[in-house]
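Here the structure is laid out as C-alpha cells; the discussion comes afterwards.
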Amino acid sequence: MNESIDNSELFIHGYCLWRLDKRDKKGGGVAFYVKRNIDCEIISKYEQEHIKALWLEVKAHPQRLLVGCVYRPPAWLPRLLWSFKLDPQTYMENTYEVLITGDFNANLLLNSDIYTKKICQIMDYYSYKNLIMRPTCTTETTNTPLDLILVIRDADVFDSAIADHKFIYAVYN
C-alpha cells in the first residue's frame with residue numbers, strides 16, 4: 001500500500017480507515033478498518049523510527065485496548081527487533097489491554113531462522129502469546145505463518161483467506 005492508492009479505492013461502507021503507507025518502496029504499508037460506531041483514535045506516541053507500525057486506542061468503557069498493526073520487512077536486521085517496544089508495562093500503565101498484529105515476516109514453524117528466534121525470544125521475555133497457529137501466507141512454494149496476533153490475554157480468533165496472505169483478526173470480549 002502506498003500513496004498512489006486513494007482512500008476511495010479502499011472504502012468499506014460503515015468503517016473508518018486509518019493507514020500508514022510505505023513511501024520508499026511499493027508494498028509494506030499498514031492499515032486499520034474500524035466500525036464507525038467504535039470510539040477510537042490513533043496514538044502516535046508509540047511510533048518508532050525503524051518500524052512501520054500504526055497504533056490505535058479503542059475505548060470500550062471502562063476498558064481500553066491498544067492495537068498495533070506492524071509490518072516488518074523481510075530484510076530487516078534481527079537486532080532491530082529489540083528496539084521494537086513490545087514491553088507490556090509501557091502500555092499497561094495506561095490501563096490498556098494490548099494486541100499487536102501484522103506481517104512480521106517470520107516463519108514460526110522454522111525454529112532455525114534467526115528472525116524467528118529473535119521474535120520468539122521477545123515474545124517469551126514479555127509473555128506474549130501468538131494466536132495464529134496456522135499458515136497465513138500460501139503460495140506454490142510456501143505455506144508459512146508470517147502474520148501474527150500477539151496478546152497477553154487470550155482472544156477469540158477467526159480467519160478467512162484472501163490473496164496470498166490470509167486475513168487475520170481477533171475479537172476481544
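Heads up, the sequence shown is in the UniProt record's numbering, so the first residue is 1 and it goes up one at a time.
By construction, the Cβ of each residue, glycine as well, lies at the ideal position given by its N, Cα and C atoms.
Does DSSP put residue i in a helix, a strand or coil?
i       : result
Glu-3   : coil
Asp-103 : strand
Asp-39  : coil
Thr-142 : coil
Ile-51  : coil
Tyr-126 : helix
Leu-150 : strand
Leu-10  : helix
Lys-117 : helix
Ala-161 : Note on Ala-161: pLDDT 46, under 50, position unreliable in the model; the coordinate value appears next. Strand, per DSSP.
Tyr-46  : coil
Lys-75  : First, the amino acid is wrong: residue 75 is Ala here, not Lys. If DSSP states are grouped into helix, strand and coil, Ala-75 belongs with coil.
Gly-29  : coil
Lys-59  : strand
Leu-66  : strand
Leu-110 : coil
Arg-19  : strand
Just to confirm before moving on: does the CB-CB distance between residue i and residue j stay below 8 Å?
i       : j       : result
Gly-68  : Ala-53  : yes
Asp-103 : Leu-150 : no
Leu-17  : Asn-2   : no
Leu-56  : Cys-40  : yes
Thr-101 : Leu-148 : yes
Please identify the residue among the options whose C-alpha is closest to the C-alpha of residue i.
i       : options                           : result
Leu-65  : Ile-122, Glu-47, Tyr-71, Ile-38   : Ile-38
Ile-51  : Ser-4, Val-70, Ser-112            : Val-70
Ser-4   : Lys-22, Gly-14, Leu-17            : Lys-22
Ile-152 : Pro-62, Gly-14, Met-123, Cys-137  : Met-123
Val-34  : Thr-116, Ile-12, Ile-43           : Ile-12
Ala-60  : Leu-148, Tyr-96, Thr-138, Tyr-115 : Tyr-96
Tyr-46  : Ile-132, Arg-134, Val-98, Gln-121 : Val-98
Lys-129 : Cys-137, Cys-120, Ala-31, Pro-135 : Cys-120
Are the region 107-119 and the region 135-146 touching by the rule of at least three beta carbon pairs closer than 8 Å? Note that the region 107-119 touches the region 135-146; at least 3 beta-carbon pairs, one per stretch, sit closer than 8 Å.
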